[in-house]
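**Student:** Protein chains in written order, with this note's numbering: chain D, 478 to 642; chain Z, 3 to 762; chain E, 3 to 294. Take a look at this one; I'll ask things after.
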Amino acid sequence: MNPSAGTGAKCEVLFTVNGETKKVLAYPMERLLDVLRNELELTGTKEGCGEGECGSCSVLLDGMLVNSCLVPVGQAKGASIVTIEGLSSHASMHPVREAFLECGGAQCGICTPGMILAAVHLLEKKPEPTLADIREGLAGNLCRCTGYMQIFDAVAWAARRRVAQ
Amino acid sequence: MRSASLQERHIVGASVPRKEGWDKVTGASRYVDDVVLPGMLYGATVRSNVARGKIRKISFDSTVRWNDFVIVTAKDIPGKNCISLILDDQPCLASETVNHPEEPILLLAHTDRHKVQNAVDAVSIEYDPLPPVHTLEESERQSTIIWGADNTFKTFLVEKGDVDAVWKEAPLIVEGEYFTGAQEQLYIENNGVIAAFDPENGITVWGSLQCPYYVHKALMVLCGLPEEKVRVVQMETGGAFGGKEEYPSMIAGHAALLAIKSGRPVKIVYDRMEDMVATTKRHPSRTLHRTAVDKNGKILGGEIEFTIDGGAYATLSSVVLSRGTIHAGGPYYWPSVRIRTKALATNTPPHGAFRGFGAPQSLFAMERHMDRIAQAVGISPVEVRRRNFLKPGQTTTTQQVIREEIDLNHLLDRALELSDYARKKTRFAEENKAGMRKKGIGIAAFLHGAGFTGSGERYLNSLVGVEAGADGSVRVLVSSAEFGQGTNTVLCQIAAEALGLPYESVAIAQPDTTVVPNSGPTVASRTAMIVGKLVQAAAQGIKQTLTTAGLLGDACTPEDFRAACRKYIAARGELKAYARYEAPGDVHWDDEKYQGEAYAAFAWAVYVAEVTVDLTTYAVTVDDFVALQEVGKVLHPVLAKGQITGGVAQAIGFALYEKVVWQNGRMINNQMTNYIMPTSVDLPLIRVFFEELGNVHGAHGAKGIGELPMDGPAPAIVNAVEDAIGVRFHSIPLLPEDLFEGLRLESLEREATSSTRGTA
Amino acid sequence: MRADPAEYSLVSPGNLQAVLSLLAGEPARWLPIAGGTDVMVLYSAGKLPNQNLINIWNIPELRQIEVFPDRIRIGAACTYTALREHEIVSREFPLLATAASWTGGIANQNRGTLGGNIANASPAADSLPPLLVYDAEVTLISVRGERRLAYRDFHTGYKKTALAVDELIRDISLPRRFAGYFSHARKVGARNAQAISKVCLAGLAQIAGGMIRDLRLAMGSVAPVPLRLKDTERMLTGKKIDASLIETARKAAVNEIRPIDDIRSTARYRAAVAGNLVAEFLEKLAAAGMDA
């Protein structure tokens with residue numbers, strides 16, 4: 478690989494992260510995942526595979542669930558990003574968080590931030606999901622500890638709680 | 003805040019909140035890669051790309067500014083160039099010869115994480131290749147010797163009764179050969195450590211790991227440092243399953259060497275591709291059964307040959323072999339048996355610990371073989387098991403007397419009822435007459451011994467501490483690691499209950515070898531049962547101390563306890579109690595003959611799998627799964643259920659999805675896109691049920707359950723497949739391609755048979 | 003992560019003309035990146051040869067779905083989620099909407115684009131067989147203007163396309179004449195979600211009086227390119243569906259495809275399953291024909 482053929486400069490990226498305006502200086506091809514974790518020290522978002530398969534790096538980008546390991550930060554200029562740290566302000570967050578604790582949805586915890594993001598995203602789109610909806614909504618988030626059962630319980634529990642509120 | 007007497011408190015047995023749960027659901031937990039130390043460098047590993055050879059030359063590409071890098075080779079190792087475990091045969095860094103693909107040779111460190119990764123490709127190594135061995139057959143042929151004198155890490159021989167006598171009289175002899183493949187643990191957090199060194203304090207390693215004291219010992223040997231100059235701290239660990247039992251000693255050793263050479267902290271975190279290609283996997287296995295049975299299907303005796311592939315170095319293969327050996331006979335009564343087992347070397351990265359640890363392999367064979375015996379005799383899979391189940395008072399294959407009132411027939415009855423087995427079997431037989439989707443239902447009955455085998459727990463000599471503060475707060479001191487299974491929660495429950503305190507006032511210290519005693523490794527399903535019992539004892543020791551000091555009566559409230567601690571500590575400075583493992587008097591094990599009480603407790607289970615075989619795609623789907631187990635006591639219902647569902651999910655992967663594709667000893671499907679674990683849309687609802695018989699040796703009567711669920715699903719599923727389509731498979735993983743080939747061969751055989759029969 | 007971001011550049015001109023000018027100026031140099039679900043995987047694995055990328059995620063013309071009386075035009079940078087959520091796409095082009103729901107999980111569907119799928123040209127891509135049976139047309143643009151190409155002529159070989167080095171896919175248009183057709187698709191992967199297909203089939207047909215009128219069958223992962231099974235279609239059109247025709251169809255399909263052994267599966271398995279999928283399609287078609 479010839480470095481001079483492609484070397485770029487860092488660029489300024491202005492975006493909103495968890496409701497706060499942030500400005501970072503980063504190479505545009507730095508992964509959003511790394512910018513969140515390193516430049517912004519928001520380490521709640523995790524890397525499990527680096528190839529968009531495990532969902533541990535899930536964040537909300539302009540309201541959409543995305544795998545931040547597959548987003549170059551250069552494409553996130555002006556975007557609004559929500560990570561696990563910023564979910565407290567989300568309507569669904571409290572019931573989802575409580576549900577994961579109540580139902581055993583988190584074991585080792587490494588998939589949990591991404592899984593919670595995916596659950597929140599699902600409940601915003603489908604406030605009364607069926608089991609099939611829950612399965613589909615979480616199909617991009619791999620969990621090796623739970624076998625998913627108690628995560629399904631947690632999302633269903635959270636949905637009931639959320640509707641009740 | 004009302005105070006309650008000890009009798010009214012039920013912490014053990016309740017689903018209290020996970021101790022570190024809040025941090026996990028808010029993203030606040032700190033895993034290795036979340037930590038950055040000042041001045042920290044990033045490390046990377048240069049690995050071999052041949053299976054076996056002599057290192058001829060190492061070259062460094064001149065376009066890289068190597069002066070900016072820290073470079074470590076075997077020559078830099080201050081102590082012994084090995085990862086000390088059992089046989090100490092595995093080098094930390096290969097110096098002259100490599101014995102497997104991806105064997106570590108050289109280490110690099112740099113301030114820039116990207117540059118150090120790219121620099122790995124800028125190191126070229128030339129080899130003089132040596133002939134490699136890649137299969138069990140090649141290894142046992144011994145025409146090429148790659149390890150020791152005979153490619154054999156370990157053998158065991160278990161004999162009971164007079165096997166040679168049974169063959170002549172036996173109405174029926176049933177034979178079968180069974181295979182299981184390698185399996186990747188696939189914890190979602192890759193292996194990672196941070197190491198720091200200074201000449202005064204020595205080495206400190208923070209890591210994603212299961213066994214701080216294993217790493218501690220390995221670093222002492224590698225770095226040539228005394229005990230007090232090595233410190234190992236376990237960080238929040240994102241899944242382990244055995245994959246972080248022995249492997250962390252290797253990555254910790256690497257980071258430590260770089261830290262020593264550079265004088266700066268060094269972080270090494272693998273990416274997924276490296277973790278999958280270079281670290282341990284479940285031992286592949288081959289089991290040969292030859293069983294003498296009477297015309298009623300009762301086992302008269304038999305021979306079992308169990309062989310596992312250990313990879314290039316011994317590591318833990320002898321212990322995996324041990325457990326596989328002891329479990330090879332299943333939950334059945336063998337009047338006589340000869341079990342011959344061996345662990346062989348091949349030129350592949352060493353295989354290692356993975357949940358179940360040899361038992362899923364030998365139990366797969368046993369449970370498939372039971373169905374085969376049933377067919378040979380002409381009885382049902384249910385009946386053949388009934389006629390052979392161990393009963394209280396009978397002895398296992400290692401001649402351990404079953405002393406508890408376990409009723410396996412009852413367990414089987416209940417599992418059949420819960421799964422609606424009889425009705426479904428009848429219905430499926432009818433429905434399968436038409437259509438492309440064939441349904442089947444299969445069972446597996448099994449056991450799992452908790453704790454270290456035989457004299458193992460005595461050898462571990464675990465020590466546990468409990469500490470009280472002046473405010474009445476309590477801290478559990480163990481080296482047992484939390485990695486999702488609930489160590490923190492369960493041990494705090496036990497301590498709280500023992501002291502009559504609220505769960506909230508008990509905490510657990512982060513496993514740090516300078517703070518906590520060695521309560522043994524977090525493996526072998528021993529933590530709740532064995533360490534839990536010691537925590538209970540140590541907690542009681544705290545109370546004892548206060549009572550002896552006249553500060554506490556027999557019945558005491560949390561307020562009394564608090565006041566007593568305050569007074570005691572004001573007078574004496576600190577309040578700690580320790581409890582050390584004591585082997586039960588009636589547990590005797592003979593290491594030479596491999597006979598006696600192998601485990602302090604067995605958990606027992608019957609699992610039932612319902613499957614659909616789709617003849618359009620040859621895919622097997624599990625539609626329903628019943629997991630019923632007797633576990634002594636359920637200490638925390640939500641956590642216990644989570645262990646079972648998680649283990650069953652991994653075992654479904656083991657049976658149907660997870661194939662390691664090997665090429666010249668190297669895993670080539672080392673990405674999550676092509677190593678397939680089940681997603682949320684692939685698994686049935688896993689229905690979990692418990693029975694509790696208690697257990698004299700475990701805390702509150704608990705037995706170990708972490709690994710149990712790994713043993714049953716695979717044979718239950720393959721039994722169900724046979725029920726569905728009448729084709730016998732004896733090898734897992736059973737992929738659609740394998741099912742297709744099996745059906746194809748079967749139809750070719752049928753054609754051949756009918757054509758040779760010809761016309762009368 | 004095996005790439006150094008310092009060695010890469012990503013420019014965001016923000017408008018189509020500027021993107022095309024860059025491509026024209028130094029055509030071999032620039033790689034367009036939309037949702038990144040393919041490009042970023044290669045990049046992270048250290049296997050992306052191009053070091054200069056142009057962001058086309060934010061070009062408005064590429065993200066529209068325009069509905070006309072006789073066709074719809076899908077902007078190349080429309081995501082799978084956009085396809086799934088579009089009323090006309092899900093109603094009149096169910097094979098495409100279904101394929102979109104099969105491509106990765108929700109997070110990848112929110113970023114992956116139809117144009118990216120086409121340009122990446124993997125024969126395993128789920129949305130390509132539907133485009134073949136729907137007679138899709140692609141519009142390719144460059145500074146030299148625009149040209150339309152029948153989608154069936156777009157793939158010229160394994161991962162080779164008719165896209166010129168300075169061209170971008172602007173949109174994919176589908177004629178709105180399949181609403182009354184019977185449609186059925188099936189994907190066979192290693193698991194039920196997040197799986198690269200081992201074999202997949204997308205099919206459309208019209209049946210009248212038990213006889214096949216218009217039959218369109220396309221398969222993925224059975225040839226170097228997504229394949230329309232023209233020979234098989236020809237053999238079956240105008241025939242009545244019965245057991246013997248289904249067997250003929252099965253054999254014809256197996257004859258027409260060229261599957262391989264690879265890391266995911268085997269040629270023999272793929273061939274057998276392909277035959278089964280075609281048989282299954284015809285059985286379902288026959289059943290639907292009875293209800294008609």
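The beta-carbon is built from N, C-alpha and C at its ideal position, and this holds for glycine as well.
Nearest to Thr398 (chain Z) by CA position, among Z:Asp562, Z:Gly522, Z:Gly598, is which residue?
**Tutor:** Z:Gly598
**Student:** Against Val224 (chain E), what residues of chain Z qualify as contacts under a CB-to-CB distance less than 9 Å, listed in chain order?
**Tutor:** Within chain Z, no residue has its CB atom less than 9 Å from the CB of Val224 (chain E), the nearest being about 14 Å off.
**Student:** Would you verify that the beta carbon of Met626 (chain D) is, or is not, closer than 8 Å to some beta carbon of chain Z?
**Tutor:** yes
**Student:** Using a C-beta to C-beta distance shorter than 8 Å, which residues of chain Z count as neighbours of Pro210 (chain E)?
**Tutor:** For the sequence presented, residue 210 (chain E) should be read as Ala rather than Pro. Here the premise fails: no neighbours, minimum Cβ distance about 26 Å.
**Student:** Spell out the partners DSSP gives Val207 (chain Z) in its beta bridges.
**Tutor:** Z:Ala197, Z:Val234
**Student:** Mind checking who Phe627 (chain Z) pairs with in its DSSP beta bridge?
**Tutor:** Z:Ala611, Z:Ile688
**Student:** State the Cα-Cα distance for the pair Ala314 (chain Z) and Phe691 (chain Z), rounded to the nearest angstrom.
**Tutor:** Spanning the two alpha carbons is a distance of roughly 41 Å.
**Student:** Please confirm whether Glu238 (chain Z) has its beta-carbon closer than 8 Å to some beta-carbon of chain D.
**Tutor:** For Glu238 (chain Z), a Cβ of chain D is located within less than 8 Å of the residue's own Cβ.
**Student:** Is Glu613 (chain D) close to chain Z, meaning its C-beta is less than 8 Å from at least one C-beta of that chain?
**Tutor:** With respect to chain Z, the C-beta atom of Glu613 (chain D) has a partner C-beta closer than 8 Å.
**Student:** Would you mind sorting Leu502 (chain D) into buried or exposed? The rule is 16 or more other CB atoms within 10 Å of its CB.
**Tutor:** exposed
**Student:** Hey, is Pro352 (chain Z)'s beta-carbon within less than 8 Å of any beta-carbon in chain E?
**Tutor:** Output row for Pro352 (chain Z): interface = no.
**Student:** When you check each C-beta in the region 523-539 of chain D against every C-beta of chain A, which residues fall closer than 7 Å?
**Tutor:** Considering every chain present, this structure includes no chain A. Its protein chains are D, Z and E.
**Student:** Ile532 (chain Z) and Ser464 (chain Z): beta carbons closer than 8 Å?
**Tutor:** yes
**Student:** Compare the C-beta of Val440 (chain Z) against all C-beta atoms of chain E and say whether one is closer than 8 Å.
**Tutor:** Correcting the residue identity first, residue 440 (chain Z) is Lys in this sequence and not Val. It does not: the Cβ of Lys440 (chain Z) has no partner Cβ on chain E nearer than 8 Å.
**Student:** Using a Cβ-Cβ cut-off of 8 Å, state whether Ser267 (chain E) counts as contacting chain Z.
**Tutor:** yes
**Student:** Kindly confirm or deny that the region 156-164 of chain Z and the region 318-328 of chain Z touch, where touching means at least three C-beta pairs closer than 8 Å.
**Tutor:** yes
**Student:** Need the endpoints of the alpha helix (DSSP H) that Met368 (chain Z) sits in, please.
**Tutor:** 361-379
**Student:** Counting contacts by CB-CB distance shorter than 8 Å, is Asn671 (chain Z) in contact with chain E?
**Tutor:** yes
**Student:** Looking at the strands, I want to know which residues DSSP matches up with Leu203 (chain E).
**Tutor:** Its beta-bridge partners are E:Arg188, E:Met221.
**Student:** Quick check on the DSSP output: the beta strand (DSSP E) that includes Ile174 (chain E) runs from which residue to which?
**Tutor:** In the DSSP assignment, Ile174 (chain E) falls within the unbroken beta strand (DSSP E) covering 170-177.
**Student:** Going along the region 651-668 of chain Z in order, which residues come within less than 8 Å of chain E, judged by CB to CB distance?
**Tutor:** Correct list: Tyr659, Val663.
**Student:** Using beta-carbon positions only, say whether Pro80 (chain Z) and Cys225 (chain Z) come within less than 8 Å of one another.
**Tutor:** The answer is yes: Cβ separation under 8 Å.
**Student:** Determine the extent of the beta strand (DSSP E) in which Arg73 (chain E) is found, giving its start and end residues.
**Tutor:** 73-77
**Student:** Which of the three DSSP states, helix, strand or coil, is assigned to Val135 (chain Z)?
**Tutor:** coil
**Student:** State buried or exposed for Met222 (chain Z), treating a residue as buried only when at least 16 other CB atoms are found within 10 Å of its CB.
**Tutor:** Met222 (chain Z) comes out buried.
**Student:** By Cβ distance below 6 Å, which residues in the same chain neighbour Pro29 (chain E) in space, the five residues on each side in sequence not counted?
**Tutor:** Val167, Asp168
**Student:** Less than 8 Å between CB atoms is the rule here; does Leu547 (chain D) satisfy it with respect to chain E?
**Tutor:** yes
**Student:** Within 10 angstroms of its Cβ, does Asp556 (chain Z) collect 16 or more other Cβ (buried), or is it exposed?
**Tutor:** Here Asp556 (chain Z) is exposed, its C-beta having fewer than 16 other C-beta atoms within 10 Å.
**Student:** Applying a beta-carbon distance threshold of less than 9 Å, which residues of chain D neighbour Gln487 (chain Z)?
**Tutor:** Gln584, Cys585, Cys622
**Student:** Please determine, among Z:Glu753, Z:Ile85, Z:Asp70, the residue with the shortest C-alpha to C-alpha distance to Thr113 (chain Z).
**Tutor:** Z:Asp70
**Student:** Which ranges does the beta strand (DSSP E) cover as unbroken runs of at least 3 residues, wholly within the region 13-37 of chain E, from first to last along the chain?
**Tutor:** Runs found: 32-35.
**Student:** Tell me, please, whether the region 459-475 of chain Z touches the region 503-518 of chain Z by the rule of three or more beta-carbon pairs shorter than 8 Å.
**Tutor:** yes
**Student:** Note down, in chain order, each residue of its chain lying with its Cβ closer than 8 Å to the Cβ of Val662 (chain Z), except the 5 sequence neighbours on either side.
**Tutor:** Gly183, Ala184, Gln185, Glu186, Lys283, Met669, Asn671, Tyr677
**Student:** Answer with yes or no whether the minimum CB distance from Ala705 (chain D) to chain Z is below 8 Å.
**Tutor:** Because chain D is modelled from 478 through 642, residue 705 (chain D) falls outside the range shown and cannot be assessed.
**Student:** For Glu128 (chain Z), which residues in the same chain have their Cβ closer than 6 Å to its Cβ, ignoring the five residues on either side in sequence?
**Tutor:** Arg58, Lys59
**Student:** Whole angstroms are fine: how far does the CA of Arg75 (chain E) sit from the CA of Ala207 (chain E)?
**Tutor:** 23 Å
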